[in-house]
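Worksheet: one structure, shown below.
Residue numbers (the working numbering), protein chains in the order written: chain L, 1 to 460; chain W, 1001 to 1318.
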């Protein structure tokens, strides 16, 4: 192809890119909106946290044992300690986040502590008829107490008959108490009641608690080579899905633009003007390459956000440079597959509504990898995964799931074979699309049937 | 450069069962302004698309500027019958895009576009979106897009359709200017009087076959009706009788407006007959009849132009 022809492809590609990606609608819809939404996801919890007031104040407990206030205060202190380290660490470990330095759990715990408990204490009152309770309720109304709890004697008795119907604790809250604080106070009172029971029975609560504590498990995945192992992660399942969704969004958004711009050129009747300056294949390639840039912008925007998130969560061991490079290879295969299909469909029809007829079977085929997310993610080197990752046109979507999911790397020969099949199918698809494009782009009237399309491919 | 800008030999094209063009031979001399005439559905647009290599002929050979039109796209300006613009694009951007595709240097396009828009009477539209323009304005922009690269061959498919008389005249002048600059122009129309006003050569096709291809002057001579039309102030039958006896007069007819049509034999002395008519009584007017292209068409295919076959039905190439 001469330089002049190549430069014409460049001019068409630039127009397609400029009039698709450098528009307010695209920048808002495809770039600013997702970034904004991502930002909101990060900001919202902080926003909520800033609105949560820690629980603070004194709880009046009417109890006959005289042990309740001590148990309550010990419980609050314990909870605060646990929130500072234990809970956060546990959550982070379960998520599979490598936080050995404790920075993340420390900051989460600090935030949690701020958000839940301030200084909460209990003052005890001996039950002495309804007068005491009425007085305490009145004082709670005036703001002296954050709650008034009446613990029935039977509830804290060491020995209880199983036949006894357990009475309930009466808890009185001022009407301005938030539902969350109500829950927390209720929870503290119930837990403290159990501790008082233990004390009444002469048992050491901490000892029993230690005996009942279920140990944590640190799962390590063994690699095929000695010395290679990696942490297990619930997020690991999300990586292949994320990879595939990214590929889907990037290729189908751009593919859709390709479809609509081709149909627009036909329905606007500008196509013949353009074809008087360039050949149909130059036009096709210009459009495909221009929208490849659009697709790349989407991929970089969304992929960049995802990678930033992964880096922020210190999950970088789930990603590697070679994995990302392979993802780019399969992105290209996916894009050209989708672009060829969309260009062929766009050139064959006159209106977007007519395109739906052809889009339906294409979508059914290309949506298959999404349905296979779980089995491929569960067994990324299993037969189903291997077969789908070799099967055009769904192979790029299946393969990115495999390379995202595999604890053991996908064998190189499979990656190369899949790439080769992918390139071969892309060449075939683009060739067929160009034959359809050449005939279809100037065709008006009734859209062709599938058989007619095949005839165009043979005859063009 | 060859003498013929466009050279078609035995070109044929069929769509399904419809023979759009068959055995078409055509030579358009360089520097000429040629009208490509025929009723709707005659095969004009199909022929033009084949000339532009947008569609390929089923048989025959076709040379444009000495080769394939695909190799000379930048030397050809083309205004298709089915034409449009990118509705969301600004007029200036659209012309710049087409200009760049036609090989015009980006640096020279800016002033070229501004000047050209001014020339076609649209000085303030460069920054407007195409969709903001009226249909007539859009057509002028489309015309500009076809000639922005100053091509040596300009092919215009029904350039006047949809234009008001003022804009049609402006376009007419522009086309003449382009021809005066030495550019070859081929334009199709089914409105024959426009062709008559502008062309020095006429090609007429009907049902895919050429029925006429000659210089306008030659056609006029060939189809000279050799008729004198006299409009007497008094009784037309009296003048009729006088002319009947003049040597060289073949027949006399009187039309419903009272005009006397004296059909002459080939050897008749036209001036002598006119003198005899004037001497025969007072006349309101007297003239030598001229055959219009409509009448030529009627003579050639034995049916009027507007009695054309329907457009190719169903799925056809635009």
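Glycine is no exception: its CB is placed at the ideal position from the N, C-alpha and C atoms. Model, not experiment: these values are computed from the prediction.
Determine the chain L residues that contact residue i at a beta-carbon separation under 8 Å, and present them in chain order.
| i | result |
| --- | --- |
| residue 1098 (chain W) | 273, 274 and 277 |
| residue 1142 (chain W) | 273 |
| residue 1145 (chain W) | 273 |
| residue 1070 (chain W) | 279 |
Just mark residue i as buried or exposed, buried being the case when its beta carbon has 16 or more other beta carbons within 10 Å.
| i | result |
| --- | --- |
| residue 1010 (chain W) | exposed |
| residue 298 (chain L) | buried |
| residue 16 (chain L) | buried |
| residue 1279 (chain W) | exposed |
| residue 28 (chain L) | exposed |
| residue 1287 (chain W) | exposed |
| residue 1153 (chain W) | buried |
| residue 424 (chain L) | exposed |
| residue 280 (chain L) | buried |
| residue 450 (chain L) | exposed |
| residue 443 (chain L) | buried |
| residue 295 (chain L) | buried |
Identify the contact partners of residue i in chain L, using a Cβ-Cβ distance below 7 Å as the criterion.
| i | result |
| --- | --- |
| residue 1133 (chain W) | Within 7 Å Cβ-Cβ: nothing; residue 1133 (chain W) doesn't reach chain L, min ~13 Å. |
| residue 1052 (chain W) | 276 |
| residue 1020 (chain W) | By Cβ distance, chain L contributes nothing, its closest Cβ being about 14 Å from residue 1020 (chain W), past 7 Å. |
Measuring only the C-alpha atoms, how far is residue i from residue j?
| i | j | result |
| --- | --- | --- |
| residue 203 (chain L) | residue 61 (chain L) | 23 Å |
| residue 126 (chain L) | residue 53 (chain L) | 31 Å |
| residue 1060 (chain W) | residue 1092 (chain W) | 40 Å |
| residue 243 (chain L) | residue 251 (chain L) | 12 Å |
| residue 1293 (chain W) | residue 1210 (chain W) | 15 Å |
| residue 1076 (chain W) | residue 1159 (chain W) | 16 Å |
| residue 1191 (chain W) | residue 1202 (chain W) | 13 Å |
| residue 1105 (chain W) | residue 1067 (chain W) | 24 Å |
| residue 213 (chain L) | residue 385 (chain L) | 40 Å |
| residue 1282 (chain W) | residue 1232 (chain W) | 6 Å |
| residue 1056 (chain W) | residue 438 (chain L) | 11 Å |
| residue 1005 (chain W) | residue 30 (chain L) | 50 Å |
| residue 1001 (chain W) | residue 1181 (chain W) | With a pLDDT of 43 at residue 1001 (chain W), under the threshold of 50, the modelled position of this residue cannot be trusted, and the question is left open. |
| residue 1120 (chain W) | residue 1170 (chain W) | 7 Å |
| residue 167 (chain L) | residue 194 (chain L) | 14 Å |
| residue 269 (chain L) | residue 1082 (chain W) | 6 Å |
| residue 1102 (chain W) | residue 335 (chain L) | 29 Å |
| residue 1003 (chain W) | residue 4 (chain L) | 28 Å |
| residue 1269 (chain W) | residue 1248 (chain W) | 7 Å |
| residue 459 (chain L) | residue 1178 (chain W) | 40 Å |
| residue 1063 (chain W) | residue 1074 (chain W) | 15 Å |
| residue 361 (chain L) | residue 262 (chain L) | 20 Å |
| residue 1137 (chain W) | residue 1166 (chain W) | 12 Å |
If you drop the 5 nearest sequence neighbours on each side, which residues of the same chain put their C-beta closer than 6 Å to that of residue i?
| i | result |
| --- | --- |
| residue 1044 (chain W) | 1036, 1038 and 1188 |
| residue 418 (chain L) | 389, 390, 395 and 399 |
| residue 340 (chain L) | 429, 430 and 433 |
| residue 354 (chain L) | 447 |
| residue 1193 (chain W) | none |
| residue 57 (chain L) | 146 |
Round the Cβ separation of residue i and residue j to the nearest angstrom and send it over; I've been treating them as touching at under 8 Å.
| i | j | result |
| --- | --- | --- |
| residue 278 (chain L) | residue 265 (chain L) | Not confirmed; about 12 Å, so no contact. |
| residue 1080 (chain W) | residue 1157 (chain W) | 5 Å |
| residue 337 (chain L) | residue 426 (chain L) | 6 Å |
| residue 1078 (chain W) | residue 1130 (chain W) | Not a contact, Cβ separation roughly 18 Å. |
| residue 1026 (chain W) | residue 1053 (chain W) | Rounded, the Cβ-Cβ distance is 15 Å, inconsistent with contact. |
| residue 1033 (chain W) | residue 1199 (chain W) | 5 Å |
| residue 1146 (chain W) | residue 1095 (chain W) | The Cβ separation is near 11 Å, so there is no contact. |
Could you tell me which chain W residues have their CB closer than 7 Å to the CB of residue i, listed as they occur along the chain?
| i | result |
| --- | --- |
| residue 270 (chain L) | 1084, 1085 and 1086 |
| residue 435 (chain L) | The contacting residues do not exist; residue 435 (chain L) stays about 14 Å from chain W at best. |
| residue 8 (chain L) | 1101 |
| residue 284 (chain L) | Within chain W, no residue comes near residue 284 (chain L); the closest Cβ sits about 14 Å away, beyond 7 Å. |
Could you name the residues of the same chain whose beta carbon sits closer than 8 Å to that of residue i, not counting the 5 residues immediately before and after it, in chain order?
| i | result |
| --- | --- |
| residue 1023 (chain W) | 1010, 1011, 1012, 1060 and 1209 |
| residue 1261 (chain W) | 1227, 1228, 1229, 1252, 1253, 1254, 1255 and 1289 |
| residue 302 (chain L) | 34, 246, 249 and 250 |
Run down chain W in chain order and give the residues with a C-beta less than 8 Å from the C-beta of residue i.
| i | result |
| --- | --- |
| residue 19 (chain L) | 1086, 1088 and 1089 |
| residue 15 (chain L) | 1097 |
| residue 455 (chain L) | Near residue 455 (chain L) there are no residues of chain W at all, since even the closest Cβ is about 12 Å away, more than 8 Å. |
Taking 7 Å as the limit between beta carbons, can you name the residues of its chain near residue i, skipping five residues before and five after?
| i | result |
| --- | --- |
| residue 189 (chain L) | 149, 169 and 171 |
| residue 157 (chain L) | 200 |
Taking Cβ-Cβ distances shorter than 9 Å, what residues in chain L pair up with residue i?
| i | result |
| --- | --- |
| residue 1117 (chain W) | The premise fails here: residue 1117 (chain W) is roughly 17 Å from chain L at the closest Cβ pair, so nothing lies under 9 Å. |
| residue 1057 (chain W) | By Cβ distance, chain L contributes nothing, its closest Cβ being about 15 Å from residue 1057 (chain W), past 9 Å. |
Applying a beta-carbon distance threshold of less than 9 Å, which residues of chain W neighbour residue i?
| i | result |
| --- | --- |
| residue 11 (chain L) | 1097, 1100 and 1101 |
| residue 289 (chain L) | Within 9 Å Cβ-Cβ: nothing; residue 289 (chain L) doesn't reach chain W, min ~15 Å. |
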